[in-house]
Amino acid sequence: MQVFYNEHHALHHGRHEMFRGALVPCVEVPARVDHVLQELRARGLGRIAQPPEIPRDLLERVHAPRYLRFLEGAWDEWVVLDAANAQRDAIPSYWPIRGFRSDVLPASFHARMGLFSFDAGSPLTAGTWAAASQGAACAVGGARALLAGERSAFVLTRPPGHHAGPDFFGGYCFLNNAALAAQALRDGGCARVAVLDVDYHHGNGTQTIFYERGDVFFASVHGDPRTEYPYFLGYGDERGAGAGLDCNLNLPLPRGTGFARWRDTLAVALDAIARFGADALVVSLGVDTFALDPISGFGLGSADYLRVGEDIAASALPTLFVFEGGYAVAEVGVNAANVLDGFLSRA
Ligand code: OKS
Ligand code: ZN
Numbered sequence: 321m322q323v324f325y326n327e328h329h330a331l332h333h334g335r336h337e338m339f340r341g342a343l344v345p346c347v348e349v350p351a352r353v354d355h356v357l358q359e360l361r362a363r364g365l366g367r368i369a370q371p372p373e374i375p376r377d378l379l380e381r382v383h384a385p386r387y388l389r390f391l392e393g394a395w396d397e398w399v400v401l402d403a404a405n406a407q408r409d410a411i412p413s414y415w416p417i418r419g420f421r422s423d424v425l426p427a428s429f430h431a432r433m434g435l436f437s438f439d440a441g442s443p444l445t446a447g448t449w450a451a452a453s454q455g456a457a458c459a460v461g462g463a464r465a466l467l468a469g470e471r472s473a474f475v476l477t478r479p480p481g482h483h484a485g486p487d488f489f490g491g492y493c494f495l496n497n498a499a500l501a502a503q504a505l506r507d508g509g510c511a512r513v514a515v516l517d518v519d520y521h522h523g524n525g526t527q528t529i530f531y532e533r534g535d536v537f538f539a540s541v542h543g544d545p546r547t548e549y550p551y552f553l554g555y556g557d558e559r560g561a562g563a564g565l566d567c568n569l570n571l572p573l574p575r576g577t578g579f580a581r582w583r584d585t586l587a588v589a590l591d592a593i594a595r596f597g598a599d600a601l602v603v604s605l606g607v608d609t610f611a612l613d614p615i616s617g618f619g620l621g622s623a624d625y626l627r628v629g630e631d632i633a634a635s636a637l638p639t640l641f642v643f644e645g646g647y648a649v650a651e652v653g654v655n656a657a658n659v660l661d662g663f664l665s666r667a
């Protein structure tokens, strides 16, 4: 399996995130991806492949140009405001919610931080754009590997992507790697693409990007947003709209769900993807469904991830795995590699 490893991932390393009234150390740390890479090497799993240059027009088919321009220049703007800012991460504090105008583009950097984000838990750092844009290139590289005939590939990157929407960041995500891969597959000739999101958290960014499109199916198994992040999207009655009606499937499960029920629900998602008639599959592979994950609430064990990979392989589609969440740092490598090993054992 080709592995598109983001060599620049550690350029994004937030110091603190705002969490319920306190600045706490970031949960989404470079060591996560280091552990996955180490585990792949230990198993002799995968060959590192070089990502391509990512065309701007592809980025702009997923993300709004004004959002991309903001993100690319945000750190420089932040530091120009105050030289001392070089020592702190940029975190938004103001959001244009119901009744505010979102057609304006304020001159204030702080206002634009809020316009283009939905939480205070996703610090923007000196290397955020460099890391995120290289991750996007890795995602496109993975898509092109499938277009060239590979059965599977793995995008090993951070920051993750599935919460990033057309014009917003949040949930530790800035560019939507899975969505960019799905778009690259469409552009490369796949008529119908499915995104399967198995992260603990609903992929609100991916859902929003494709909500009105009939060419990309989005299916997600995740913690019920009534109690779990991102709270305001991911409910079962969100079925898509317009040309995308019935091309969105949310399968929320209660906090505390164990592997047996989770696996039955995965089967429902895979069945819907088969009925959609996808010719390629992008998997948003979060392993924060692990029982010991510090910020999540499902009960999967390490061996269960082998079964997850096997079940996904049974759909017999060209499959791109894109790394998302998973914060039990010591186990994240074993868990992610188990999915890939399980897949390869049946592919
Ligand atoms: C805790 C609240 C934010 C949770 C972000 C979830 C990130 C994730 N600071 N998404 O899949 O893993
Ligand atoms: Zn997650």
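Numbering of the sequence shown is given in our numbering, commencing with residue 321 and proceeding in unit increments.
Note that CB positions come from ideal geometry on N, CA and C, so glycine has one too.
Between valine 628 and glycine 662, how many whole angstroms is the CB-CB distance? I'm expecting something under 8 Å.
6 Å
Tell me valine 642's beta-bridge partners as DSSP assigns them.
Val475, Ser604
Return the Cβ separation of alanine 498 and proline 371 in integer angstroms, given the expectation that the two are a contact with Cβ distance under 8 Å.
No, alanine 498 and proline 371 are not in contact; Cβ-Cβ is about 15 Å, not under 8 Å.
Do arginine 352 and valine 602 count as a contact pair if the criterion is CB distance below 8 Å?
no
Write down the C-beta distance between alanine 452 and leucine 495 rounded to the nearest angstrom, noting that I regard them as a contact closer than 8 Å.
5 Å
Is it true that the CB of leucine 516 sits closer than 8 Å to the CB of alanine 501?
no
If you run the structure through DSSP and keep just helix, strand and coil, what is tyrosine 647?
coil
When every heavy atom of the ligand ZN is checked, does at least one fall within less than 7 Å of the C-beta of histidine 383?
no
Same chain, Cβ closer than 8 Å to glycine 366, neighbours up to 5 away in sequence not counted
Met321, Gln322, Val323, Leu360, Phe474, Leu660
Pull every residue with its beta-carbon under 7 Å away from any heavy atom of the ligand ZN, and keep them in chain order.
Asp519, Tyr520, His521, Gly606, Asp608, Ser616, Glu644, Gly645
First and last residue of the uninterrupted alpha helix (DSSP H) at glutamate 392
385-401
So glutamate 651 and leucine 612 are in contact, right, with Cβ under 8 Å, and what is the actual spacing, rounded?
6 Å
Starting from phenylalanine 596, follow the alpha helix (DSSP H) in both directions and report where the run begins and ends.
579-596
For glutamine 407, which option in Ala468, Arg335, Pro385 has the closest C-alpha, if you only look at C-alpha atoms?
Arg335
Under the criterion of a Cβ to heavy atom distance below 7 Å, does valine 347 qualify as lining the ligand OKS?
In this structure, valine 347 has its CB closer than 7 Å to one or more heavy atoms of the ligand OKS.
Check for me: the beta strand (DSSP E) holding phenylalanine 489 runs from which residue to which?
Premise fails: phenylalanine 489 is in no beta strand (DSSP E) and is neither H nor E.
Count the other CB atoms, across all protein chains shown, that sit within 10 Å of the CB of isoleucine 368; report buried if there are 16 or more and exposed otherwise.
It is exposed - the Cβ of isoleucine 368 has fewer than 16 other Cβ atoms within 10 Å.
Taking buried to mean at least 16 other C-beta atoms within 10 Å of its own C-beta, is isoleucine 411 buried or exposed?
buried
Please state whether the Cβ-Cβ distance between valine 382 and glutamine 503 is less than 8 Å.
yes
Determine the DSSP secondary structure at glycine 434, reduced to helix, strand or coil.
Three-state DSSP puts glycine 434 in a helix.
According to DSSP, is glycine 534 part of a helix, a strand, or is it coil?
coil
For leucine 573 and phenylalanine 579, the rounded distance between their alpha carbons:
11 Å
From Leu637, Ser413, Gly562, pick the residue whose C-alpha is nearest to that of aspartate 591; which is it?
Of the candidates Leu637, Ser413, Gly562, the one whose C-alpha sits nearest the C-alpha of aspartate 591 is Leu637.
Local conformation of glycine 562 per DSSP, three classes:
helix
Taking 7 Å as the line, does the beta carbon of glycine 441 fall inside it for any heavy atom of the ligand OKS?
Answer for glycine 441: yes, Cβ within range of the ligand OKS.
DSSP three-state call for isoleucine 374: helix, strand or coil?
If DSSP states are grouped into helix, strand and coil, isoleucine 374 belongs with coil.
Starting from asparagine 570, follow its DSSP beta bridges and name the residues at the other end.
Ser540
Residues bridged to glutamate 337 [DSSP beta-bridge criterion]
Val344
Please tell me whether arginine 583 and alanine 563 are closer than 8 Å, where the distance is taken between their beta carbons.
Using a Cβ distance threshold of 8 Å, arginine 583 and alanine 563 do not count as a contacting pair.
Would you mind working out which of Asp402, Ala403, Phe436 sits nearest isoleucine 417, comparing C-alpha positions?
Phe436
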